[in-house]
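Asks:
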Amino acid sequence: MRTVVINGSPRKMGNTAAMLKEMAKFADEEGSRTDYLDLVDLRIADCKACMKCREQGECAQKDDLAMLSTVIKEADLLMLGSPVYMGAETGLMKCFTDRLFSFSAGVSPTELESRLTGKRKAIALFTCEMANGDRLYSYLSAGYARMLGSVLNCEPVLTAIVPGANPAWGLRQSPKAAETLELSRRFIKG
Ligand SMILES: Cc1cc2nc3c(=O)[nH]c(=O)nc-3n(C[C@H](O)[C@H](O)[C@H](O)COP(=O)(O)O)c2cc1C
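According to the numbering used here, the sequence shown is numbered sequentially starting from 1.
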């Protein structure tokens, strides 16, 4: 089993990282070889919409997406994590997920289609400060479940939003943190 964990927070020791690292331990317990990557350490430019990926089968830009694409192709389990910034994922995560367009082979009438064969499990995790953030930002869960399913051929996909995650106090006041970890433990082992 191979797992890739991608942290989209600029804070490498923050709330999102704390959750992702606990979740990575569950994969390790299953004997997984796990790559943990912080997007803030990588060089990933904006998608330029050149559409060369449609002809070449991969992104034409030469940056760290090439390395990420290799590990994603080999992964059985993909975990993406981002804090909520202004009601959305961070710019780091958005920049990265826009570049995942290079994995789409084309468009059916209603959906992007993946060029990846084989299914991989995925988890999309968000942490946020608002106490009702799990309901407030549920569109993030829906959007990531759809994107991961179509573009990266991920199935099943677990999405979770951990509310009450204060930038300074961390996850202490977030009752959903433990619940989310337990859900992810069962998802990874199941
Ligand atoms: C620039 C910025 C914007 C934020 N916007 C929101 C927001 O819209 N909604 C929210 O609930 N929390 C918001 N937060 C709080 C973070 O999402 C939350 O504290 C998160 O757990 C931080 O994750 P990290 O420790 O991994 O960086 C924001 C924090 C920052 C720094």
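Beta carbons are placed, not taken as given, at the ideal position from N, Cα and C, and that holds for glycine.
1. Report yes or no: do three or more beta-carbon pairs, one from the region 148-158 and one from the region 107-122, lie closer than 8 angstroms?
2. Cα separation between Phe26 and Gly8?
3. Could you check whether Val157 and Ala168 sit closer than 8 angstroms to each other, using their CB atoms as the reference points?
4. Under 7 angstroms: does the beta carbon of Ala17 sit that close to some heavy atom of ligand 1?
5. Tyr139: buried (16+ other C-beta within 10 angstroms of its C-beta) or exposed?
6. By DSSP, does Glu182 sit in helix, in strand, or in coil?
7. Just reading off the beta strand (DSSP E) that Ser114 is part of, what are its end residues?
8. May I ask whether a heavy atom of ligand 1 can be found less than 7 angstroms away from the beta carbon of Met23?
9. If you compare alpha carbons, which of Arg135, Cys128, Gly143 is closest to Gln173?
10. Given a threshold of 16 other Cβ atoms within 10 Å of its Cβ, counted over all protein chains shown, does Val5 qualify as buried or as exposed?
11. With a CB to CB cut of under 7 angstroms and the five nearest residues on each side skipped, what residues in its chain are close to Asp28?
12. Report yes if the C-beta of Ala60 is less than 7 angstroms from at least one heavy atom of ligand 1; otherwise report no.
13. Going along the chain, which residues of its own chain have a beta-carbon closer than 7 angstroms to the beta-carbon of Thr97, five neighbours each way excluded?
14. Is it true that the CB of Arg120 sits closer than 8 angstroms to the CB of Ala75?
15. Using the C-alpha atoms, what's the distance from Met1 back to Ala60?
16. Got a sec? Which residues, its chain only, sit under 7 angstroms from Gly133 by beta carbon, not counting five neighbours each side?
17. Is it buried or exposed, Glu182, if we count other Cβ atoms within 10 angstroms and call 16 or more buried?
18. Given Phe187, which residues of its chain have a CB within under 6 angstroms of its CB, disregarding the five upstream and five downstream residues?
19. Leaving out five residues before and five after Lys52 in sequence, what residues of the same chain have Cβ atoms less than 8 angstroms from its Cβ?
20. Does the distance from the C-beta atom of Gly170 to that of Asn15 stay below 8 angstroms?
Replies: Checking against the coordinates, here is how it stands:
1. yes
2. 20 angstroms
3. no
4. yes
5. exposed
6. helix
7. 112-114
8. no
9. Cys128
10. buried
11. Thr34
12. no
13. Met147
14. yes
15. 29 angstroms
16. Val84, Ile161, Pro163
17. exposed
18. Leu158
19. Cys59, Ala60
20. yes
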